[in-house]
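Visitor: Here it is, the structure, as structure tokens.
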Amino acid sequence: MPLDVRLLDKGLSVGEALAAFNSAHGAAGGVVSFLGKVRPDGDVRALELSHYEPLTLPAMRELAKTARDRFALDGALVWHRIGVMTPGEAIVLVATAARHRRDAFGAADYLMDHLKSAAWLWKRERRADGWHWIEPRGQDREDIARWD
Amino acid sequence: MPLDVRLLDKGLSVGEALAAFNSAHGAAGGVVSFLGKVRPDGDVRALELSHYEPLTLPAMRELAKTARDRFALDGALVWHRIGVMTPGEAIVLVATAARHRRDAFGAADYLMDHLKSAAWLWKRERRADGWHWIEPRGQDREDIARWD
Amino acid sequence: MAVTILFLGPLRDLAGQQTMEVEAPLNWSGLLEAVRPEVAGQLGEQRVNVACAGKVLADKTELQAEDGDEVALLPPVSGG
Amino acid sequence: MAVTILFLGPLRDLAGQQTMEVEAPLNWSGLLEAVRPEVAGQLGEQRVNVACAGKVLADKTELQAEDGDEVALLPPVSGG
């Protein structure tokens, strides 16, 4: 299982996904995972991620391939939720398997920076007064620039 | 569950451990994990880690506290195997939960660098011709120096 | 057949609709005329991209949409 | 009672045993005399540490082990 890239419109079972990923990469010395969740911030009641079918998943697949080659990965898992999520729910799960731990860490960090600032996803939050689109953050652009 | 630091003399169930850690930190925006496994390298048949009871676990607890404070963690899990392991078996599992993903990544990386080069553990490998003690690697000393 | 214009993310609210159909062919100036002025204003911004038939255009002003093509207007992404 | 000397990691092989008992009190020169010359040679190296009663000594040459203390000889760690 070299690259496992998915867009999911339902909740994901993190424990099962990581257990399967780990056992699929028995020979990898190191496995890093990142799980991003909806933070219960202030009055945010829900979060919605919309995507564009012809672009979003293909670009995520390209990103995973680039990460695999750049960091000599044995494999990578990139799962991203779309649709409506509530606080505490998983938004994104990334896992990387490599011979050496520094590569696994670097690849997970790289994947997350690019997913956050370059994936074809648009986010809005529902607060007490309705839905609000989220603008790109300057921090995200700085994060991605680290890899240039 | 702020800090969960253990020395284990039996195999660990990674999926269950991470699922429990994730659900214990529902409010954390990001959770990073690292799993280190015995690599099936060359003719290595087994690996043994020995520890020194009065020092090893207390120092790991101190390390976890330092990481928590330095990276503003919601919580951390640091589990390390001791005893004899075979290729593919888990050696170490680290998980960090933080509000922001960069802190969770930094803390997991920091914990691993320190566990690899400063934990009171001694490692030997069994190859075709018997047991061999492993010398500290120069790379490990460089990795830890990044945090000074 | 026609060209379908698809409004993504916040552009959907600005357009007041998710899709619209216009006659083919459709080029850049035709696109700017077809959409509301607020959307046309956004399209002028560098960080707003345009995809045609599933490909992001390197230069959106060279848009040449044919019968059956979908033209997607892509505002800046806000990530996961 | 006595002082127990504990050999960790590769020092165990060098010592040919895991523990030895010596009479209390035990100081640095007493330790160097009590162990095999190969082990004493290793103890001279800066990266070999000594713990007494569960505490790593900042200056191992100031060792002062009393009745019942465990003195652990700690070679460089090789991590996980």
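Residue numbers (our numbering), protein chains in the order written: chain H, 925 to 1072; chain R, 925 to 1072; chain C, 1404 to 1483; chain F, 1404 to 1483.
From the three backbone atoms N, C-alpha and C, an ideal C-beta is built for every residue, glycine too.
Would you say R/L936 and R/W1003 are within 7 Å of each other, going by their C-beta atoms?
Guide: Yes, these two residues count as a Cβ contact at 7 Å.
Visitor: Determine the closest residue to F/L1409 out of F/V1480, F/S1432, F/D1472, with distance taken between C-alpha atoms.
Guide: The shortest C-alpha separation from F/L1409 is found at F/D1472.
Visitor: Would F/V1459 and F/N1452 be called neighbours here (beta carbons separated by less than 7 Å)?
Guide: Cβ atoms of F/V1459 and F/N1452: closer than 7 Å.
Visitor: Do the stretch 989–1003 of chain H and the stretch 1013–1033 of chain H make contact, defined as three or more Cβ pairs closer than 8 Å?
Guide: Yes: at least three Cβ pairs fall under 8 Å.
Visitor: Indicate the three-state DSSP secondary structure (helix, strand or coil) for R/I1006 in the structure shown.
Guide: Here R/I1006 sits in coil by DSSP.
Visitor: Measuring CB atoms only, is the stretch 1436–1450 of chain C touching the stretch 1061–1069 of chain R, in the sense that at least three cross pairs come out at less than 8 Å?
Guide: Touching, no, given that fewer than three Cβ pairs across the two stretches are closer than 8 Å.
Visitor: Give a yes or no on whether 7 Å exceeds the smallest Cβ distance from H/W1057 to chain C.
Guide: Closer than 7 Å: yes.
Visitor: Do you know whose CA, among F/P1479, F/E1469, F/V1480, lies nearest F/W1431's CA?
Guide: Nearest option by C-alpha distance: F/E1469.
Visitor: Leaving aside the five residues before and after R/P926 along the sequence, list all residues of the same chain whose C-beta is less than 6 Å from its C-beta, in chain order.
Guide: Around R/P926: G999.
Visitor: State the start and end residues of the unbroken beta strand (DSSP E) segment that holds R/L959.
Guide: Start and end: 954–961.
Visitor: Mind checking if R/P964 is an interface residue toward chain H, Cβ cutoff 7 Å exclusive?
Guide: So yes, R/P964 belongs to the interface.
Visitor: Rounded to a whole number of angstroms, what is the C-alpha to C-alpha distance between H/W1044 and C/Q1445?
Guide: Roughly 18 Å separates the two Cα atoms.
Visitor: Would C/V1480 pass as an interface residue toward chain H - the criterion being a Cβ-Cβ separation below 7 Å?
Guide: True, the Cβ-Cβ gap to chain H drops below 7 Å.
Visitor: Kindly say whether H/F1029, judged by its beta-carbon, lies nearer than 7 Å to any beta-carbon of chain R.
Guide: At least one chain R Cβ lies under 7 Å of H/F1029.
Visitor: Tell me the DSSP secondary structure of R/L1017 in three-state form.
Guide: Three-state DSSP puts R/L1017 in a strand.
Visitor: Near H/K1047, which residues of its chain fall below 6 Å by C-beta distance, leaving aside the five closest residues on each side in sequence?
Guide: Closer than 6 Å at the Cβ level, and outside the excluded window around H/K1047, lie L973, I1058.
Visitor: DSSP on C/I1408, reduced to helix/strand/coil?
Guide: Looking at C/I1408 - three-state DSSP - the assignment turns out to be strand.
Visitor: What are the residues that DSSP puts in a beta bridge with F/L1476?
Guide: Paired residues: F/F1410, F/V1453.
Visitor: So for C/W1431, helix, strand or coil by DSSP?
Guide: C/W1431: helix per DSSP, three-state reduction.
Visitor: Pull up the distance between the alpha-carbon of R/E940 and that of H/G939, whole angstroms please.
Guide: Between R/E940 and H/G939, the C-alpha separation is close to 6 Å.
Visitor: Please go through the same chain and pick out, in chain order, the residues whose beta-carbon is closer than 7 Å to the beta-carbon of H/H949, but skip the five residues on each side of it.
Guide: Contacts found: V955, D998, G999, A1021.
Visitor: What's the call for C/G1457, buried or exposed, on a 16-neighbour Cβ count within 10 Å?
Guide: Answer is exposed; the Cβ neighbour count stays below 16.
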